[in-house]
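Below you'll find the structure, written out as structure tokens, and then a few comments.
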Amino acid sequence: MTEDATPTVKRFEPPIGTASAPFWEATRDKRLLLPWCTACERPLWYPREVCPRCLDSAIEWREASGRGRVYAVTVDYKPQNPALAALGPYAVVLVELDEGVRLLGNMVGGDPEEVAVGMAVAVTWEPLSDGHHLVQFERAEP
Amino acid sequence: MAMTSSDRTMRGAAAIVGVADAASPTGVLDLHGRALEAAMVRAALDDAGLTLDDVDGVCHTNSSMQLAEYLGIHPNFTDSTNTGGSSFEVHAEHAAAAINAGVCDVVVSVYAATPRGDRGRGTARPRPQPQGEDPRAEWEAPYGLRMPMGPYALAASRHMAMYGTTSEHLAQIAVSTREWAARNPSARYRDPLTIDDVLASPMQSSPLHLLDCCLVTDGAGAFVMTSAERARSLAKPPVYVLGAGTCHDHLMITQMPDLATTPGVQSGQAAFSMAGVTPAQVDVLEAYDSFTITALLHLEDLGFCPKGEGGPYVMDGKLGPGGSLPTNTNGGGLSYTHPGMYGMFLIVEAVRQLRGEGGDRQVPGAEIAVAHGSGMVLSCMSTLVLGTEATL
Ligand SMILES: [Zn+2]
């Protein structure tokens with residue numbers, strides 16, 4: 008990923024939910040924060056106003072490792088978004104972070120058809136038009 | 467789970483007494499909208515030997531109130547539950563519970579969707595993008611996951627990685643289902659299919675090929691349910707609701723606890739437990755096949771085979787005609803029809819099989835059938851165990 012390049016792909020840009028503002032704010036600095044329930048001492052995903060296990064609202068944002076493994080993968084050959092079709096086939100990965108939560112992303116770089124379940128990956132960032140960054144993944148050393 | 471083996475009060479209390487459906491080899495129907503729904507309601511009531519005056523309960527996936535207004539009826543049981551493709555199994559479960567509780571007496575559920583005809587009329591609408599505070603918009607939509615097949619492709623990749631399932635295994639499901647469609651004159655596709663045909667069809671969202679995916683066709687259907695007591699005086703042999711169960715464990719695929727295991731485990735256990743039936747006793751299985759992987763997951767999660775063994779399990783052709791587990795005997799969503807929410811057709815076909823109305827595709831002596839609906843992206847499973855008078 009080029010540093011803070013102008014977005015070259017016109018994606019559907021995510022709306023910022025009320026519970027996830029701290030997450031998106033940190034992406035300006037390419038920092039991955041996860042919400043943790045301090046009562047359960049576990050991370051939750053996606054961000055919510057309350058913990059889905061105990062309904063406590065004691066949510067604390069903690070920096071994440073940004074590392075994980077591919078939990079599931081598909082390569083889209085006929086994208087619905089015409090802007091993404093220009094990319095050619097691309098891999099959509101569901102990644103289980105070392106912290107135990109699963110985030111969706113695209114694989115950046117490499118052959119999408121070589122992406123496999125279990126592959127070690129690390130977070131990389133794609134600039135959005137408003138200064139936030141989108142979580143993406145790239146292959147990492149295991 | 468609240469449901470236990472002692473919760474069997476609903477078993478056999480209600481019966482499906484009328485069914486109707488419409489589909490065409492062209493994939494296009496002449497009628498659409500409320501007019502098509504009204505035609506289905508009328509046909510299902512005719513099938514039962516009932517009239518609109520008998521109806522005091524309505525189910526619809528959008529607005530049971532608007533439907534009732536159009537039909538000019540004043541029901542006292544109303545259900546607009548929408549769980550996607552499993553909605554109609556949920557409607558049947560709710561209707562059976564309401565009838566058993568004495569809330570109402572005759573319930574109609576109806577469905578019509580005409581995605582192909584709508585294109586010709588210029589009334590087709592694009593799949594709505596999630597918006598606003600919808601977590602799907604925030605966490606999934608940016609990544610270009612094709613809907614709805616992308617989530618199923620993710621599940622298939624997970625199943626393959628965990629259990630060694632192959633594209634050939636998935637293809638066999640499409641092949642067996644097509645063998646049933648060949649016996650259904652209303653089916654969209656009836657030509658024989660081979661595993662190689664499926665594997666040679668264009669890749670959509672890997673590992674799913676075009677022929678791993680359901681059709682997009684016009685289609686409609688309805689069922690009528692009443693009490694077991696009243697059912698016995700009507701036109702056709704009653705098909706009893708022996709068991710029913712529903713469970714959902716996510717809405718968006720990224721929240722599914724285990725992408726290789728559906729909440730059909732829970733819905734199936736609840737339904738089989740209420741029915742006092744085991745999978746080995748099932749004569750006909752109608753199991754939602756939005757994609758080949760969908761049907762494979764149902765076989766495992768309903769307990770027809772152990773988790774992870776669905777691939778090898780299907781390879782002897784047991785799902786097809788003459789096989790030991792006749793499955794999707796009308797040709798399924800893969801080859802018969804799939805207007806968007808296929809669950810209605812599972813019920814209609816199960817009822818026809820249990821009445822012996824299957825024609826060229828009749829499973830001889832069928833007494834117990836399962837209709838297993840799957841809604842949204844493997845999100846909401848709803849299982850009905852249905853049986854003839856002999857199974858009570
Ligand atoms: Zn908690």
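Those protein sequence lines, which keep their order, are chains H and E.
Going by this note's numbering, the first sequence opens with residue 8, and the numbers climb by one from there.
Going by this note's numbering, the second sequence opens with residue 467, and the numbers climb by one from there.
A virtual CB, placed ideally from N, CA and C, is assigned to each residue, including glycine.
Nothing here was measured: the structure is a model prediction, and the numbers come from that model.
Within the stretch 115 to 138 of chain H, E120, A123, V124, G125 place their CB atoms closer than 8 Å to a CB of chain E, listed in sequence order. Taking non-hydrogen atoms of ligand 1 into account, the C-beta of C570 of chain E is found less than 7 Å away from none of them. Near ligand 1, meaning a beta-carbon closer than 7 Å to one of its heavy atoms, we find H:C44, H:A46, H:C47, H:R49, H:C58, H:R60, H:C61, H:D63. Taking 8 Å as the threshold, the shortest C-beta distance from V80 of chain H to chain E falls below it. Exclusion of the five residues before and after P29 of chain H leaves L40, W68 as the residues of its chain whose Cβ lies within less than 7 Å of its Cβ. In this structure, DSSP gives V707 of chain E an extended state, which the three-state scheme calls strand.
Residues I23, H139 of the same chain have their beta carbon placed closer than 7 Å to that of W31 of chain H, with the five preceding and five following residues left out of the count. The beta carbons of A479 of chain E and N566 of chain E sit about 4 Å from each other, so the pair counts as a contact at 8 Å. Under DSSP, L620 of chain E shares a beta bridge with no residue.
The beta carbon of G75 of chain H sits no closer than 8 Å to any beta carbon of chain E. It is roughly 48 Å from the alpha-carbon of D749 of chain E to the alpha-carbon of Q143 of chain H. For P89 of chain H, no chain E residue has a C-beta closer than 7 Å to its own C-beta; the minimum C-beta separation is roughly 10 Å.
Secondary structure note for P29 of chain H: it is in no beta strand (DSSP E), and the uninterrupted alpha helix (DSSP H) holding it is 28 to 34. Counting only runs that start and end inside the stretch 703 to 768 of chain E, the beta strand (DSSP E) elements of at least 3 residues fall at 705 to 714, 750 to 753. Judged by pairs of C-beta atoms under 8 Å, the stretch 105 to 118 of chain H touches the stretch 50 to 57 of chain H, as three or more such pairs exist. V664 of chain E and M613 of chain E have their C-alpha atoms roughly 20 Å apart. Here E103 of chain H carries a strand assignment [DSSP, helix/strand/coil]. Taking every protein chain shown into account, the CB of M114 of chain H has 16 or more other CB atoms within 10 angstroms, so this residue is buried.
Under the three-pair Cβ rule at 8 Å, the stretch 510 to 527 of chain E counts as touching the stretch 690 to 703 of chain E. Under a 10 Å Cβ-count criterion, H764 of chain E is classified as buried, with 16 or more other Cβ atoms of the shown protein chains found around its own Cβ. Taken atom to atom, the span from the alpha-carbon of G730 of chain E to that of T547 of chain E is near 18 Å. Note that the C-beta distance between L844 of chain E and I639 of chain E is not below 8 Å. Residue-level contact by beta carbon fails for G853 of chain E and chain H, as no gap is shorter than 8 Å. Residues of the same chain with a CB within less than 7 Å of the CB of E56 of chain H, apart from the 5 flanking positions on each side, are A26, S64 in chain order.
As DSSP reads the structure, H140 of chain H sits in a beta bridge with H:P134.
Taking CB atoms only, V99 of chain H has a neighbour in chain E less than 8 Å away. Per DSSP, the continuous alpha helix (DSSP H) segment holding Q638 of chain E begins and ends at 633 to 647. Beta-bridge partners assigned by DSSP to S671 of chain E: H:D83, E:L674.
The beta carbon of S64 of chain H does not come within 8 Å of any beta carbon belonging to chain E, so the residue lies off that interface.
Collapsing the DSSP output to three states places V485 of chain E in a strand. In this chain, the beta strand (DSSP E) harbouring H838 of chain E covers 834 to 841. Short of 6 Å from the beta carbon of T849 of chain E, and not among the five residues preceding or following it, lie these beta carbons of its own chain, in chain order: G711, S733, G734, A737, H838.
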